[in-house]
Amino acid sequence: MARVHNWQIGREMSYWYPESRPRRQFAAVFDLNKCIACQTCTLACKTTWTSGRGQETMLWNNVESKPYGFYPLGWDVRLLEMLGASEWRGGTYEGRTVFEAAGPGERVLGFRPDDHDYAFPNLGEDECAGLVEKGAHFHGVHEAWMFYLPRICNHCTYPACLASCPRGSIYKRPEDGVVLVDQARCRGYQECVKGCPYKKVFFNAATGTSEKCIACFPKLEQGLQPQCFENCIGKIRLQGWVSTPDVARDDNPVDYLVHGLKVALPLFPQFGLEPNVYYIPPVHAPEKFLTMMFGPGAAAAVETYQAARKDPGHPLAGLLALFGCTPRTIERFQVAGGEAVALTAAGEEVVRVPVREPVFVRPAFDAGAGVARLNTP
Amino acid sequence: MTLDDELTRRRFLEAVGALGFGALLGSAGKAFGLGVTRVDNPLAVYPDRDWERAYRDLWKTDSSFVFLCAPNDTHNCLLRAHVRNGVVVRIGPTFGYGQATDLYGNRASARWDPRCCQKGLALTRRFYGDRRVRRPMIRKGFKAWVDAGFPRDGTTGRPPAEYFQRGWDGFEPADWDTAAEYVAKTLVNIATTYSGEKGAAYLKAQGYEPETIAATKGAGTQVLKFRGGMPLLGITRVFGMYRVANSMALLDAKVRGVGPDQALGGRGWDNYSWHTDLPPGHTMCTGSQTVEWDLYSIENADLAVVWGMNWITTKMPDGHWLTEARAKGTRIVVIACEYSATANKGDDVVVVRPGTTPALALGLSQVVMEERLYDEAYVASFTDLPLLVRMDTLQRLRWQDVEPSATPSPLTNGARVLAAGEQAPPPGRQTEQLVAEGLRHEWGDATVFDRRQGRVVPVPRDLVGEHFARSGLDPALEGEYEVRLGDGKVVKVRPVFQLIKEYLDSNFKPEATEAITWAPAEAVRRLARDIAAHPRKTLFGVGMGPNQFFNNDLKDRAIFLLASLTANVGFPGGNVGSYAGNYRVALFNGVGQWIAEDPFHIEPDPAKPARVRQYWRPESAHYYNHEDHPLKVGKKMLTGQTHMPAPTKSLWFANANSILGNLKWHYNVVANVLPRIEMIAVNEWWWTASCEYADVVFAVDSWAELKHPDMTASVTNPFLQVFPPTPLPRIHDTRGDIEVQALVCEKLAKLTGDSRFLDYFRFVREGRTDVHLQRILDASSSTRGFRAADLIAKAKEGIPALMMTRTSPRLGGYEQVTDSRPWWTKSGRIEMYRDEPEFIAAGENLPVHREPVDSTFYEPNVIVGAPHPCFRVEGPRDYGVAEDDLSCEVRQGRNVVMPWTDLSRRPHPLMKDGYRFIFHTPKYRHGAHTTPIDTDMVAVLFGPFGDLRRHDKRMPFVTEGYVDINPLDAQELGIEDGDYVWVDGDPEDRPFRGWQKDERFYKVARMMCRARYYAGTPRGVTRMWFNMYQATPGSVRGHETRPDGLAKNPDTNYQAMFRYGGHQSATRGWLKPTWMTDSLVRKDLFGQTIGKGFLPDSHCPTGAPREAFVKITRAEAGGLGANGLWRPAAVGLRPAYATTALQAYVRGDFIKRG
Amino acid sequence: MRRLGIMACAVGLAACGKEVGPAPSPTEVRAIQVPALLEDPMDPAWARVPVHVEKLLLQDQTDPRTPERSVESVSVQAVHDGQRIALRLEWPDSTRDVLVGPSVFSDAAAVQVPVAAGGDVPDAAMGLQGRPVRIHMWKAAWQEAVEAGQDPLKALYPNAHTDHYPFEAAKDEASRAEMATRYAPARAVRNPVAAPQGPTQDLWAEGFGTLTADPATVSRGRGIHEAGAWHVVISRPLDAEADRALRPGARTYAAFAVWEGSHGNVGARKMRTGWVPLVIEEGR
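Residue numbers (the numbering used here), protein chains in the order written: chain A, 1 to 377; chain B, 378 to 1531; chain C, 1532 to 1815.
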């Protein structure tokens, strides 16, 4: 065991291997206020990567309704129960991570789901916490609530799957931080399936190996966002590169949302993996649940988001309007003059959009064509 | 694919699985010993990454092409299909929407991209799936009937029943010529059989009403029904079914030996109104089919009321407009009968009782009126609220009543009177409202009481908007006045505003509204004030939910009242919209060029426009759904003359499972209507329940295989879109819909010897369908100027065009408000009051609240109202039926008024028999109607019961139908989460009339499904999704005999998502008198001409498919093999079964903050 | 009937070590020469071969470890015919686990031999850097797939339904095969576990985490589950080019490992023995 630094829990922690960060780290921001649970991401991934035999129930990307949706069954409830209630003091996590809580003879605290736990991948869809009575009326935070949680591999800085593999068949790419299972060396021990707290490594019974989200690296290598981003019609996703807090820059959209505004937060930071998918929490869900799921910054993130809604000049709306407007990776951005612009790190313009769509008004009569241009023709 | 094909496939897959194509031996491994791989820190260094090529290779494709995906969901997405090894391996967006432009250089932004959805991406599995219709199929019994020379009973003319065992019978493949010949022959035979006096005698002997027989005018072609489902989705290939209907005039000419002047074509069924997408009250208030706004208008609103509309699930590609507007400060109010998916995007959420939307809108209006929050100027200049009503006749006071000599004011403001005999220009060339002289005289001029002059004055129809403001009139909204009529009689008059206010004050104060709708009085006040505080900036997005109730027209009238009071009709940020279906064919208002080209004078020159003459007659399919009868209650015929259906003896449709496989009261139509129909022909590319009951199934191209270009447009986005022809070779022996139409007409030419049948589809046969596209583009006001060739070329790159409407976003009422133009109504104003006799008789001259006709805990279809001078209803006794006759048929025409205090004490008649649940069937994110719903990878995500492994063999498919029920209700009934239950509707006629005498079919028709504990629905309200494949005789046979237990027809591969019955087992076909008047004034579908009475998709029945009042009983345990609890419940990971850990989790107890 | 008797006797040996038949071999595994190699674990001739009973230990040297020991010991017999050596392992196992799936594991056994014998023998745990060990692994699931043609998916999920696999739509058999392989990445990169060629697989190791498949497997294996026990024969060439340690007359070592699928044994989570002297009789 080595000692490594995890900025998300504000302290050092123990990990199976010494700290070694990639040259740049794949990262994503998902705005849960925009997610519509359409599952287009799920199908985009499914039809691209896991249409083979043995991969039928394998969803590298899934969307589940919280609090009663899980894929696989009960993945987070079960781990939280094993980990027990624990505490944040300020920005520091004082409980144990899955590495620190590992039992004797184990590298990571985890469980291996039963085969049946992969059935019902959309269990709990749209189901809310709390009985809805006739005439229920909510505003602000909803008394009965649910929200959608889209999930892919977090391509963690400290992956538990990687730590769990007794033969080191899982590795992190130095060029982009993508975590891969070597399909040539994997022997199907399923230790990674057990170790990953997010349950994003899956066993393929037809090949006898474990497989996981590859962050569409063949696309990343061409400067393109992964399939579940390009196909996201809720336009909730933005893929980029996240820096450590000390070197974060505000014109990098991911850094701006994660480190600048602090509206985008990691999923279950207390697990200790320093996951790299960052979520903008839903503004209508109870603070306590959001804190459990996204850490101590949840309440402030909701406040910031709500305040930005009321502030016409705020760049957040412009940046959110840029999400999904291009298949290419957005490395830099600007919001000015009612427009939002996406750029590459080199400053090349990728796409430019109006923050508010204009209304086009055509002449009532087109003399050239000899017809009226009508809204009710 | 037959069962054999399936076994072959299985063997192949097992080979793939077990041996993995072997031959991998001696792979390039490492030399022994020294060659072992050692990894020290895989965070830092990994020795050999050559294997990564496997995924790079999987990503690679050989080529790609663009096709248009257009189910009936209003979105229409150009998608890019990626091909490898000649197979479409995946599908994605084109990112071409941001490049869409119009003829003036306006350009859409990249915020429109991407456009696609999970259903579209899954289409690969449908193009190649095992339910593809691979070749034409003919039902054995039907073939035998035709081969036997169409034997018929001597007196009734009915074919022997043994030939018509639809659903139980089998099919055989046929080549294209044979299939087309059988259909053509049968059309000729049926038209001949039912022509003339002999035909009429047959129909009489078969029990059809004299009115419907008379409606055929002795032409057998009138009993031939055609339908191109949602034809906007294929302006040539789908709409072509109506062109075929028009060509039936040639057949009539042959059969009856009549000339072009007397020949009658076939009948074409409606679409928008058939699907209950039409909000019928929009026509009543505005004279136009529907008012709506392109969904991205929400960017311009401060407040958006999302009302019974599950926006984020049914408008998925436009969901981001809502969330992005919200991020920019728009307040989202969600009104629903449950905690809907969209509720989780709501800043305010109100959960109301289903079917009470009219009451809620009236309650909100009451607050606005009482607190005087309304916009006086808007009300005075754009609405009928100031107009005077005579208290003696309850009709509007016409100035001509006061001054009989006064001629109606001239129409000069965006309208003009057509001189007697004057031909209106073609629809696409019309620039102003056109009113027949007679009609103009009927209307006369409306009147107001001018407070300044202290007298009644006329309000010329031109006087709207600014024109009214400039008139200096100061109309009274309240009070009662006396006026002396031309005949000297003095009558009392009151403004519409006053009459409505009296009705609202006595019935819909906030507390009363709460009692009826469940919406808390405080929420009603709060919302009413919010709306009034945002004039011109409040958008009402009203969904299909409220529209699928019997009181849907009243709902519209009440919402228009609220929106009119608050100046929220006709503005980019303030408007009313109704969202269900895609329908505005008028965007191509020159489509007559295609669907009504004169078959007797066909234009051979591709460069010239066609000569238009419509021989086919439109008809509402709701009569077919109503046991092929109009609505007659007691001695009263309540279906207007202009609406009168003809008997249905033949039915040929395309692009529509909703007309048979998924229609409301499905099992009754199968059991009691289909036996009276002599031919059912279906064009399909996926074997649906409609195919199960067809006589001939034509195997048509999927969107990916279209070889003829086609066009479509939308009511929710601004795009003019083209279906580009694709390079993908046809996967099976299929043809384009339009080619099938051409082929059948070719056979008719042979049979009749009339070559005009051949010429009618000449350009299609020559592969020049674009000629017809260009003719339509040229003749349509919103598309004139576009070249078909350019649009096709752009579409191939994945780029659509912007429709040339007045504005983008397109919004109804823009011209009225901005240019101060009249609406298409008698008064030129938004009319809340209806003074036609049918409305007065129905007690609906005022916008009132009627209880739902079935989905209510109280006595159904009663008008809520304390005594009011406007109520002068024709009650049951007036129609010769008993006052207390609540049978389903009679109930539809039952006009009874009582105050809520009385009604609330009168329960639904079935309550005493254990029927206690409102059962509603909304649409959902995993389907567009039934289109992609049974695609495995989509289906498995359809709700909580998806399991591709089918651990429980009882599952009909990899997912299954389920009913959402409040846990407390379920527990009371001893139903566990995940159990199988029976759901039964009114036993009087559901699942089908006469079920007691037909055990065999009752087993197929009675609904069994899973029950899900659903905390999001209030007690007493249950929900089941609408988009599913229901059980058929074949699927039940499969379920009970196949080793894998799939509810899949072993002969046809039809795959049901229910073991037994389906979501339409409890619904019914309903007809409401006010949908069927001869007097309502409205704009034509195409162009600006104003007429009255029946108009398909505008003034026409809609049915009430969301309504059902059911009993739910436990059938089987949910656990594997019917033992114990369904697993997720058993392990405590379900609400109501939650382990302490899950309870702590939901509370967020697993973390503390120091 | 007779076969059963012998089997019972063999198990008896494992149990108490004093029974009829040849004297047990308490200290070593003695590979006696036979005219014809015994590759059928149920061959009655095994009854005449001395049995060595070795206690099974938990794999407790590296994480992840084996939580609990479900089998006490393994009985080992060995014969050779001058060309190949056959080792017969027998251990009680009440469940026949021949499938691999999500959280479903197969029974298995392995024989490990040092490449270099004598003082150079590394620790019994997977060898050491520069001092490799050779491993011959038998897996019930591989045997089932190759010999019984078992399709794991059909066996795991008899009622499953899938509408379509992309490779099904390809026009000809060849491109169907090519596509199917592409959609199975582990096969596409020829991972030997993805397409078993026989019941056994030959591997190398030079310490924990270094297990590496031999491009060519020369061992053969056969396992039979009967009356609550596995009877497995693994045979391999003597005097093989890869590791000369095993040849007639040699005194070397072997270690054995057993995996019980039903107990979640897989990979490092196994029961193993230390080095056991292996005596290969000189041909008489």
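Here a beta-carbon is modelled for each residue, glycine too, at the ideal position from N, C-alpha and C.
Counting the other Cβ atoms within 10 Å of the Cβ of B/MET1288 gives fewer than 16, which makes it exposed. Residues of chain A with a Cβ closer than 7 Å to the Cβ of C/ARG1718 are, in chain order, THR207. Identification of chain A residues near B/MET1181 by a Cβ-Cβ cut-off of 9 Å yields ARG362, ASP366, ALA369, VAL371, ARG373, ordered along the chain. C/LEU1687 has a beta carbon lying within less than 8 Å of a beta carbon in chain A. According to DSSP, C/LEU1588 shares a beta bridge with C/ARG1803. Chain C has a Cβ within less than 8 Å of the Cβ of A/TYR189. Here B/TYR1391 is not near B/ASN1426, since their CB atoms are 8 Å or more apart. Chain-order list of chain C residues neighbouring B/TRP428: VAL1720, by C-beta distance under 7 Å. Around A/PRO363, the same chain offers ARG373 as residues with beta carbons nearer than 7 Å, after the five sequence neighbours per side are excluded. For the 8 Å CB-CB criterion, B/GLU669 and B/GLY1464 do not form a contact. By the Cβ neighbour-count rule, A/PRO286 is buried, with 16 or more other Cβ atoms within 10 Å of its own.
Close to chain B, meaning a Cβ-Cβ distance shorter than 7 Å, are the following residues of the stretch 102–123 of chain A: HIS116, ALA119, PHE120, PRO121, ASN122, LEU123. For B/ARG1133 against B/LEU627, the beta-carbon gap comes to about 6 Å, under 8 Å, which counts as contact.
Not a single C-beta of chain C is nearer than 8 Å to the C-beta of A/PRO159. Per the coordinates, the alpha-carbon of B/GLY1130 lies some 42 Å from the alpha-carbon of B/ASP654. In the same chain as A/GLY318, and ignoring 5 residues on each side of it, the C-beta atoms closer than 6 Å to its own belong to VAL335, ALA340, VAL355, in chain order. Within the same chain, THR1451 come within 6 Å of B/GLU1221 by CB-CB distance, once the 5 residues on both sides are set aside.
Note on A/GLN8: 16 or more other CB atoms within 10 angstroms of its CB, so buried under the neighbour-count rule. Cβ proximity to chain B below 9 Å picks out VAL283, HIS284, ALA285, PRO286, GLU287, LYS288, PHE289, LEU290, THR291, MET292, MET293 from the stretch 283–294 of chain A. Along the length of the stretch 464–537 of chain B, whole alpha helix (DSSP H) runs at least 4 residues long occupy 495–498, 501–504, 517–524, reported in chain order.
Per DSSP, A/CYS186 lies in no beta strand (DSSP E) and is assigned neither H nor E. A direct Cα-to-Cα measurement between A/VAL201 and A/GLY69 gives close to 18 Å. Pairing A/PRO159 with A/VAL179 gives a Cβ-Cβ distance under 8 Å. With respect to B/ARG644, B/GLN599 sits close: the two C-beta atoms are nearer than 8 Å. Listed in chain order, the beta strand (DSSP E) elements of length 3 or more contained wholly in the stretch 1074–1110 of chain B are 1087–1089, 1096–1100. Beta-carbon to beta-carbon, A/ARG96 and A/LYS194 are separated by about 18 Å, too far to satisfy the 8 Å threshold. Excluding sequence positions up to five before and after B/THR1233, its CB lies within less than 8 Å of the CB of GLY732, HIS1285, ILE1295, PHE1486, all in the same chain and listed in chain order. Within the model, the alpha-carbon separation for C/GLU1559 versus B/MET1332 is close to 57 Å.
If you check the CB distance, B/GLY951 and B/LYS914 come in under 8 Å.
Taking a 10 Å sphere around the C-beta of A/VAL247, we find fewer than 16 other C-beta atoms and assign the residue as exposed.
Shown here, C/GLN1681 sits in coil according to DSSP, grouped into three states, outside any helix or strand. Per DSSP, A/LYS46 is one residue of the alpha helix (DSSP H) stretching across 40–49.
Shown here, B/MET1209 sits in coil according to DSSP, grouped into three states, outside any helix or strand. The alpha-carbon of C/LEU1589 is positioned some 30 Å away from that of A/LEU273. Beta bridge pairing from DSSP links C/GLN1608 with C/ARG1619.
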